[in-house]
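As structure tokens, the structure follows; a few thoughts come after it.
This is the structure in structure tokens:
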């Protein structure tokens, strides 16, 4: 099956700093989503981005499908950005997702 | 607001008993829902695809007789963990595609088997 690797696995930032999270996948995809998992376990949808670039406030994402990677940018980070960030990809005709390994982000004052 | 709900959010049961978890799509119909499991400090792993009106499809290595899935209506899927054991303790999360391919996830159910 498809492999999804995220980097870095862990990241510590000072509040106000910018960061880039990467998601590499091993095969063609027709779905790619970025999620933030909060401390209570809820997955928050950030972006649905199988290709192209999107922005939402301090967050933006870019997927280069032909090169099999996606990037999530966080600018002016805040302590509330802390948590685990997952990318997840889908292939084929179904809607099931394969999750990446995750990036644990901690934003400190 | 939330588009997928789960109940209960947390359950503790004794070894050998069965536990049912409900997943509901709140303002849309879902012919397909998905069940994932997440162990501490790990990623989410797909367990099965729940299909309205037909049998669930299980991922390799998932015991279908242990994890019973019923998709009774276009807004409800249930996961029953039968004869639960401590190794079944985990965080169970369901999802559904709301429109097109974008998936929305429920808040999860934390199962502890004692």
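Protein chains in written order, with the working numbering: chain A, 1146 to 1254; chain B, 811 to 924.
Backbone N, C-alpha and C fix where the C-beta goes; we use that ideal spot for every residue, glycine too.
Bear in mind that the values here come from a model prediction, so they are computed numbers and not experimental data.
- Contacts with chain A at 9 angstroms (Cβ-Cβ) do not include residue 834 of chain B.
- Within the same chain, 841, 842, 867 and 881 come within 8 angstroms of residue 861 of chain B by CB-CB distance, once the 5 residues on both sides are set aside.
- In this structure, the alpha-carbon of residue 1252 of chain A lies about 31 angstroms from that of residue 817 of chain B.
- Here residue 905 of chain B is near residue 814 of chain B, since their CB atoms are less than 9 angstroms apart.
- Listed by position along chain B, the residues whose Cβ is nearer than 9 angstroms to that of residue 1235 of chain A are 911 and 913.
- Contact annotation, residue 856 of chain B with residue 869 of chain B: C-beta distance approximately 5 angstroms; criterion of less than 8 angstroms satisfied.
- Under the Cβ criterion of 9 angstroms, residue 846 of chain B is counted among the residues facing chain A.
- A straight-line Cα-Cα distance of about 33 angstroms links residue 1228 of chain A and residue 827 of chain B.
- In chain order, 915, 917 and 918 make up the part of chain B whose C-beta sits under 8 angstroms from the C-beta of residue 1187 of chain A.
- Under the three-state reduction of DSSP output, residue 869 of chain B falls in the coil class, being neither helix nor strand.
- DSSP places residue 1157 of chain A in the uninterrupted beta strand (DSSP E) bounded by 1155–1159.
- The beta carbons of residue 892 of chain B and residue 915 of chain B sit no closer together than 9 angstroms.
- Residue-level contact by beta carbon fails for residue 1200 of chain A and chain B, as no gap is shorter than 9 angstroms.
- A residue is called buried once 16 or more other Cβ atoms fall within 10 Å of its Cβ, and residue 847 of chain B is buried on that count.
- When Cβ-Cβ separations below 9 angstroms define contact, residue 907 of chain B makes contact with chain A.
- Flagged as an interface residue toward chain B: residue 1178 of chain A, by a C-beta distance shorter than 9 angstroms.
- At a cut-off of 9 angstroms between beta-carbon atoms, residue 886 of chain B makes no contact with chain A.
- Taking 4 residues as the minimum length, the segment 1191–1249 of chain A contains no alpha helix (DSSP H) run wholly inside it.
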